[in-house]
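Peer 1:
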Amino acid sequence: MNALEQTNEIKVLISAQEIQKKVWEIAEKLNEKYGTNEELTLICVLSGSVIFFSDLVRCLKMPTKLEFIKVSSYENSLTTGIIKEVLFNLPNLKEKDIVIVEDIVDTGITAKYLIDRITKDFHPKSLCFVSLFDKKCTRKIDVHPDIYGFDIGNKFIVGYGLDYDGYYRNLPYIGYIE
Ligand code: IMP
Ligand code: MG
């Protein structure tokens, strides 16, 4: 059975409405944390966080700059543990308040890599790691998002930007494949 034939097997885990409510709550946390005056640089970690990112930034009240990077560590649903920088072209972010926006933290390898890389390169004024989803029970590295939306346990989820083999990113809800 290929990925598309599995569409019928997808069960809804989190509805589109529940996601929107959570995204708004996360945005409110950022609005409170940074206020409305200071500039904030948000880094979208492609491709998984693209939909979360575009919904999130539209709820923010401060002046923002948006940047995009792409790293990969995944082969289908198995992590290789090796981070490849597919797209990594950031301006000088020294003295900036930075928020890294991820879709999901699983083993923590990507999160640790990005936090270390951006800290080392820029010594930013502040760095906050936001992830819509957290799989606390599958962590291999002791790293935790400063802000997260849902702890989803040990499930492989798709939709709202997250994929299986490149598919399902456009689902408006979060589903899981049993
Ligand atoms: P980590 O480096 O193991 O924490 O993996 C992070 C990346 O793996 C995420 O940014 C996702 O792209 C991908 N990933 C981890 N779990 C899932 C999942 O359940 N569904 C889809 N992608 C996932
Ligand atoms: Mg990701």
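When we follow the working numbering, the leftmost residue of the sequence shown carries the number 13, and every step to the right adds one. The beta carbon of each residue, even a glycine, is placed where N, CA and C say it ideally should be.
Which residue comes first and which comes last in the beta strand (DSSP E) that contains residue 58?
Peer 2: First-last of the beta strand (DSSP E) with residue 58: 52–58.
Peer 1: Count the C-beta pairs between the region 158–167 and the region 135–147 that are closer than 8 Å, then say yes if the count reaches three, no if not.
Peer 2: As far as the Cβ criterion goes, the region 158–167 touches the region 135–147, which means the pair count is three or higher.
Peer 1: May I have the straight-line CA-CA distance separating residue 114 from residue 57, to the nearest angstrom?
Peer 2: Straight-line Cα distance between these residues: approximately 6 Å.
Peer 1: In angstroms, rounded to a whole number, what distance separates the CA positions of residue 104 and residue 73?
Peer 2: Taking the straight line joining both Cα atoms gives about 23 Å.
Peer 1: Under the three-state reduction of DSSP, which class applies to residue 71: helix, strand or coil?
Peer 2: Reduced to three states, the DSSP call for residue 71 is coil.
Peer 1: Return helix, strand or coil for residue 190, following the three-state DSSP convention.
Peer 2: Here residue 190 sits in coil by DSSP.
Peer 1: Can residue 81 and residue 55 be called in contact, C-beta distance under 7 Å?
Peer 2: Cβ distance < 7 Å, so residue 81 and residue 55 count as in contact.
Peer 1: Given this structure, state the Cα-to-Cα distance separating residue 88 from residue 44, to the nearest angstrom.
Peer 2: With a pLDDT of 49 at residue 88, under the threshold of 50, the modelled position of this residue cannot be trusted; read the value that follows with caution. Rounded to whole angstroms, residue 88 to residue 44 spans 37 Å at the Cα level.
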